[in-house]
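**Q** Shown below is the structure under consideration.
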Amino acid sequence: MRNSIPTFRLLIFLFFISCGSIFGQQTQSSTDHLIHYRQGKSFFEARNYLAAQESFRTYLYGLTETNAEMLSEQISAEYLLCMCSIYSMRPEAEVLANRFVENYPKNPYSADLVRDLGIYFYEAGDWKRAIKYLSKGSLTNIEFKFKLAVAYYQIGQKDEAHGIFNQIKTEPEEEFSQPAAYFSGLINFNNKHYDLAIEDFKFIEGESIYGLEAPRWITSALLKQEKFTELLAYAGPLLKKPNSKIKLD
339 MRNSIPTFRL
349 LIFLFFISCG
359 SIFGQQTQSS
369 TDHLIHYRQG
379 KSFFEARNYL
389 AAQESFRTYL
399 YGLTETNAEM
409 LSEQISAEYL
419 LCMCSIYSMR
429 PEAEVLANRF
439 VENYPKNPYS
449 ADLVRDLGIY
459 FYEAGDWKRA
469 IKYLSKGSLT
479 NIEFKFKLAV
489 AYYQIGQKDE
499 AHGIFNQIKT
509 EPEEEFSQPA
519 AYFSGLINFN
529 NKHYDLAIED
539 FKFIEGESIY
549 GLEAPRWITS
559 ALLKQEKFTE
569 LLAYAGPLLK
579 KPNSKIKLD
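Using the numbering used here, the first residue of the sequence shown is number 339, and each one after it goes up by one.
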């Protein structure tokens, strides 16, 4: 009986040693696997999107279990994988992004992906798909509103474009307000709303790239209306300016 007690204690000791070894191996395995996720983030921050894609794929394919902490990393890896596809203009970008939005509709990353997809297609000149995603994004951002308006303009939906350009043209950010007023003026001019066109073009008169074009359209609008007295009063002083870059032809 006395001999059996040390044996029993030995068995218990070996059991805990074994459990600790297994747990340690699992922890080590998880840590080793996490390296791929961290490498992916490093590559992503360095804008090496192809290398980042490979690291994130290796990390995601190697997942065997998902606890609360790992779920957060998994979602982050899936999101960054989508962003890699968008930034490197991969053909599968839309499929990956839509799958992410479908799987995580309430995640803040989903709204970011919708917006970035819109920009992706805008820069690719795919206006209809740019509209599809930009129109779903937040229209409180002037840049996205402007890109949406340009996309509408490019496919001939001038009324939709005009409404947005009118909203933007009075904003303080000249990077967007100037071209918005210019496009608004073009639409008004082509719709034969010459007084409104003149108002838009006068709004941007100056030395900017759009401002230098404005006098040409103002004189054309006055000429279309046969307002010759106003035309001479407007164009005369401009023609007398030395070294003027203003275009009237």
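Each residue gets a CB set at the ideal place from its N, CA and C atoms; glycine is no exception.
Nearest to N526 by alpha carbon, out of F514, D454, S558?
**A** Minimum Cα distance to N526 is reached at S558.
**Q** When you compare the CB positions of I556 and I542, do they come within less than 8 angstroms of one another, or not?
**A** Taking 8 angstroms as the Cβ cut-off, I556 and I542 do not qualify as a contacting pair.
**Q** I'd like to know whether the C-beta atoms of H309 and S473 end up nearer to each other than 8 angstroms.
**A** Residue 309 is absent from the model: the chain starts at 339 and stops at 587.
**Q** Looking only at C-alpha atoms, which of A468, K379, Y532 sits nearest to E432?
**A** Here the closest residue by C-alpha is A468.
**Q** Which first and last residues belong to the alpha helix (DSSP H) in which K562 is found?
**A** Taken as a continuous stretch (DSSP letters only), the alpha helix (DSSP H) holding K562 covers 552 to 562.
**Q** With 16 other CB atoms within 10 Å as the buried threshold, where does F566 fall?
**A** By the neighbour-count rule (16 or more Cβ atoms within 10 Å), F566 is not buried but exposed.
**Q** Is the beta carbon of L434 sitting closer than 8 angstroms to the one on L418?
**A** Cβ distance not < 8 angstroms, so L434 and L418 don't count as in contact.
**Q** Counting C-beta neighbours from all protein chains within 10 Å, is the total for P553 16 or more, i.e. buried, or is it exposed?
**A** With 16 or more other Cβ atoms within 10 Å, it is buried.
**Q** Pick helix, strand or coil for H531, following the three-state DSSP scheme.
**A** Three-state result, H531: coil.
**Q** For the candidate residues V452, T508, R428, P429, whose alpha-carbon lies nearest to that of V439?
**A** Among V452, T508, R428, P429, the Cα nearest to that of V439 is on V452.
**Q** Between the Cα of I506 and those of Q516, E498, D497, spot the shortest distance and give me the residue it belongs to.
**A** I506 has its Cα closest to that of Q516, out of Q516, E498, D497.
**Q** Residues in its own chain within less than 8 angstroms of Y425 by CB, not counting five upstream and five downstream?
**A** Closer than 8 angstroms at the Cβ level, and outside the excluded window around Y425, lie R385, Y387.
**Q** Would you mind reading off the limits of the alpha helix (DSSP H) that contains R395?
**A** That run of the alpha helix (DSSP H) goes 387 to 399.
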